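Reading through the structure tokens given below for one structure.
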Amino acid sequence: MVLDRCRVMGVVNVTPDSFSDGGCYATTEAAVAHGIALRAAGADYVDVGGESTRPGAARIDAATELRRVLPVVAGLTAAGVAVSVDTTRARVAEAAIGAGAVLVNDVSGGRADPDMAAVVAAAGLPWVLTHTRGGSRDMYAAAVYDDVVRDVVAELRRCADDAVAAGVDPGRIVLDPGIGFAKHAEHSWALLAHLDALVALGFPVLVGASRKSFLAEALPPSRSSADRDAATLATTVIAALAGAWGVRVHDAAGSADAVRVVAALRDARGAVAARRAGRGGPMTPLRVFVVDDHSVVRRGVVSYLDVLDDVEVVGEAADGRDALEKLGALDTTATLPDVVLMDLQMPRMDGVTATGEITARFPSVRVVILTSFGENERVHAALQQGAAGYLLKDAGAAEVAAALYAAARGEVFLDAAVARRLTQEIRGPRSGLAALTSREREILVLVAAGMSNKAIASELVISERTARTHVSNVLGKLNLTSRTQAALVAVKEGLVGPR
């Protein structure tokens, strides 16, 4: 189903020293119960962390972090909660993913552990990259910026580029401006005021301002960090209005209501603006035909379209062949739709084939794709068959309306994530050794030395699965098919001497 609002990520700190709730949920039972309560209050994700990242916090070892986090992740997953793991360690992320985590929240921006990218890429899960500088103990010494908004956007862009170069799907990257991380209060306020600059990069944006110290500047001095939930709610509204993908909060209930109110407001504004811009003045309703093999999705889309006063749903179909038959019947009575909203993966006849048939047989009808699949090959195929738009099913309701109006005007409308992938394809990836990360170069040298995946894992103190992923990435980036070829490249490029 289309999720047309900002996500809410509830916080569960399984730590004794977090700035707001350290020690409150130190046992597995307490942490799991709190996570379930956050989900019941409206959180889409529950973010479980076992290491405090507050300024000045001392690091713990991986074994301690695993001991704190894994039982909670497993318990919440068993309860049907979507779990995010808050960690900077690849080893912890990999174990948490094995226990059921569906998202990795990395407050180091991917810089703390060179193996994290391989773990995330292998799992195919979303990866939150948070802006920071330095570690917990020295971050404020690095809080010096020429222009904090420009500098943070540029540094996060580099984090995202490095992640993509390491094999992470760009559509799985989420950026976080790092409110409070290596930032004084004035820096956090500036970033909150200019979230649109980060949203403009095209990646989903997560904002974590909950209960943080910069809010104290706007509040009475007697307020403790736990008394900043109302102020946090205001930041949730600011983030949602700016187009943020999600907010990370300690109190989920208020933010869950707030993002729904903002979504309703944005939908109303978007629908009115689209009608004014594209339909201008009294006109007959835009006629739309909906094609999707999932009846629940189809009915949800139809229900939304029925709310728009200048859109008329003139028919539905469960697959491409069914759509062609029904459109043929409408054609005999001169009542064809203006736009067909088309799914891709369907029985009997898929959406790409149906799009080609529709545009050939009914030239006046425009087709907009609405699908869960955003791979470039599918986008190319749909556009080549005449599609006038391509949306993913996590698009907002206002975005769906805007795509329909654009198609009716003879324009092409692309989902932001789809457009970003196409742009990345046009720019082209780095090739040869330049495409390898520093860890992948290290892997190449070890492969050239004749080491097995098991030996590489032992040498680098990583899991064998991670080593295997690294080797696969190296071969793929160098367009090679064997370890022998990789060894020859390493010798040719001077990374190792001939054996």
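Position 461 of the sequence shown, counting from 1, maps to 459 under my numbering, and the rest follow consecutively.
Virtual Cβ for every residue (Gly too), placed ideally from N, Cα, C.
Model, not experiment: these values are computed from the prediction.
Residue i - containing alpha helix (DSSP H), residue span
i    : result
R43  : It is worth fixing the name first, because residue 43 is Tyr in this sequence and not Arg. It is not in any alpha helix (DSSP H) - Y43 instead sits in the beta strand (DSSP E) that spans Y43 to G47.
Y388 : Taken as a continuous stretch (DSSP letters only), Y388 belongs to no alpha helix (DSSP H), being part of the beta strand (DSSP E) at G387 to L390.
V487 : R481 to K490
N451 : N451 to L458
T26  : T26 to A38
S470 : E462 to K475
V445 : S436 to A446
T351 : G349 to R359
R346 : Unbroken run through R346: none, as it is neither H nor E.
V118 : M114 to A121
L402 : A395 to A406
A379 : N374 to Q382
Under 7 angstroms between C-beta atoms of residue i and residue j
i    : j    : result
V257 : R3   : yes
R131 : A180 : yes
L217 : A229 : yes
T75  : V81  : yes
Y388 : L412 : yes
A485 : A432 : no
L146 : A188 : Reading off the sequence shown, one finds Val at residue 146, where the question assumed Leu. Cβ atoms of V146 and A188: closer than 7 angstroms.
A91  : V83  : yes
R346 : R376 : no
I454 : L444 : yes
V416 : G372 : yes
T51  : V105 : yes
F287 : V366 : no
M340 : V299 : no
V70  : V46  : yes
G508 : H129 : In the structure as shown, the chain starts at -1 and stops at 497, and residue 508 therefore has no counterpart that could be examined.
Y23  : V12  : yes
L383 : V350 : According to the sequence displayed, residue 383 carries Gln and not Leu. Yes, they are a contact pair.
G252 : L231 : yes
L36  : V44  : yes
V162 : A119 : no
A545 : D291 : The structure shown has nothing for residue 545, since the chain only spans -1 to 497.
A465 : N451 : yes
A195 : V259 : no
A61  : R89  : no
G78  : A250 : no
Range covered by the beta strand (DSSP E) that runs through residue i
i    : result
M340 : V337 to M340
I58  : Here I58 belongs to no beta strand (DSSP E), and DSSP marks it neither H nor E.
Residue i versus the options, residue with shortest Cα-Cα distance
i    : options                   : result
D336 : T330, L368, A406 and M347 : A406
A327 : D341, P112, V312 and M340 : V312
A400 : T357, E440, V309 and K475 : V309
R87  : P69, V70 and R109         : R109
D174 : L154, L64 and L493        : L154
F360 : L325, K475 and V469       : L325
D160 : G200, G48 and A116        : A116
K210 : L342, R439 and T233       : T233
V459 : A393, V299 and P112       : P112
T364 : D392, G408, K391 and T330 : Note that residue 364 is Arg in the sequence shown here, rather than Thr. Nearest of D392, G408, K391 and T330 to R364, Cα basis: G408.
A261 : E440, A393 and S223       : A393
A414 : G169, L342, L213 and T128 : G169
L123 : G96, A60 and D149         : G96
T435 : L473, S461 and R418       : L473
V172 : V197, H185 and H192       : V197
D307 : T25, A94 and R285         : R285
R463 : V487, M114 and N374       : M114
M526 : L263, W243, V398 and R296 : Because the chain here runs from -1 to 497, residue 526 falls outside it and cannot be looked at.
Residue i - partner residues in DSSP beta bridges
i    : result
T369 : L390
M7   : Y43 and R246
A315 : V289
V126 : N103 and V172
L284 : V309
L199 : According to DSSP, L199 bridges with nothing at all.
L204 : G244
F411 : G387
R364 : V337
Check: residue i C-beta below 6 angstroms from any heavy atom of the ligand ATP
i    : result
G408 : As presented, the structure is devoid of all ligands, the ligand ATP included, so that no description of it is given.
Complete runs of the beta strand (DSSP E) confined to the region 61 to 94 [at least 3 residues]: Listed in chain order, the complete beta strand (DSSP E) runs (minimum 3 residues) inside the region 61 to 94 are 81 to 84.
Whole alpha helix (DSSP H) elements within the region 135 to 193, 4-residue minimum: 146 to 163 and 183 to 191
Length-filtered (4 minimum) alpha helix (DSSP H) runs lying within the region 226 to 271: 227 to 239
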